[in-house]
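Heads up: the sequence shown begins at 13 in the working numbering, then just goes up one per residue.
The next block holds one structure in the form of structure tokens; read it before the comments.
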Amino acid sequence: MGSRSGAARQEKSGDARPARRRLSVDRRREELMAAALELFSRHDAEDVSIDDVAAAAGASRALVYHYFGGKQELYVAALKSAAAQLEARLRPQGNGRPMDELALGLERYFDFVEEHAAGFAALLKGGPADRSGEIGEIVDSVRHRLLRLIMRQMRVEEPGPALRITLRSWIASVETAGLDWLEHRDIERPTLERMLVDHMVALLGVAANHDPQVEGLLEELARDQLF
Numbered sequence: 013m014g015s016r017s018g019a020a021r022q023e024k025s026g027d028a029r030p031a032r033r034r035l036s037v038d039r040r041r042e043e044l045m046a047a048a049l050e051l052f053s054r055h056d057a058e059d060v061s062i063d064d065v066a067a068a069a070g071a072s073r074a075l076v077y078h079y080f081g082g083k084q085e086l087y088v089a090a091l092k093s094a095a096a097q098l099e100a101r102l103r104p105q106g107n108g109r110p111m112d113e114l115a116l117g118l119e120r121y122f123d124f125v126e127e128h129a130a131g132f133a134a135l136l137k138g139g140p141a142d143r144s145g146e147i148g149e150i151v152d153s154v155r156h157r158l159l160r161l162i163m164r165q166m167r168v169e170e171p172g173p174a175l176r177i178t179l180r181s182w183i184a185s186v187e188t189a190g191l192d193w194l195e196h197r198d199i200e201r202p203t204l205e206r207m208l209v210d211h212m213v214a215l216l217g218v219a220a221n222h223d224p225q226v227e228g229l230l231e232e233l234a235r236d237q238l239f
């Protein structure tokens, strides 16, 4: 996946490697993946080397190869770990009104964004080359989980084209908002979350002008909020 970049190398130059500690196999793997996610969140995967990851984790190059075999395997394992943690946050938590559940889901989503910034950024920031094959499948699995969760909250079994496009467009907006918030943090999280709920309503309103299924769904959502 490429050689070590000047940017990644510069970050490490002049830094003393942390003292190594005796850790369990699982804990050492977790630390290596955490170090990798932090680097992958700030640099293209091609610009991060095994040596960079080893130095950041206070481990040897040989140990990284021992656990993961190579950089591609480490990259995939780290992204899978981030995706699994995010998907765990997206599991249904209740059976309340659809828009209330959507707001709660957004809160859990942004809890992950805030608590695992490196994992979230690494998961979504890869270049075009990373959006195919196994890496693309990891990212798509999170999006599909979120899509299924929203459909369940809105009591929709099979969305038509207009609704499907609307929901997937909203998910893309949420991802972009998460990355922008991590970069700038110049808007309060609750405000951003409320804005995204309103964004969903606005998108559904536009789609309702073109599709009876969305029009009926919007009417049901409005009734649910009134009672």
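Built from N, CA and C at the ideal position, the CB exists for glycine as well.
In this structure, the alpha-carbon of L51 lies about 8 Å from that of D64.
Secondary structure of R167 (DSSP, three-state): coil. DSSP, read as helix, strand or coil, puts S61 in coil. Rounded to the nearest whole angstrom, the C-alpha separation of W182 and S53 is 23 Å. If you ignore the 5 residues before and after S93, its C-beta comes within less than 6 Å of the C-beta of M45, all in its own chain and listed in chain order.
If you draw a straight line from the Cα of I150 to the Cα of R167, it comes to about 26 Å.
Measuring C-alpha to C-alpha distances from Y79 to each of H196, R40 and E187 identifies R40 as the nearest.
Counting other Cβ atoms within 10 Å of its Cβ, D59 reaches 16 or more and is therefore classed as buried. The DSSP-derived three-state label of K92 is helix. Below 8 Å, too few C-beta pairs join the segment 218 to 225 and the segment 145 to 165 to call them touching: fewer than three.
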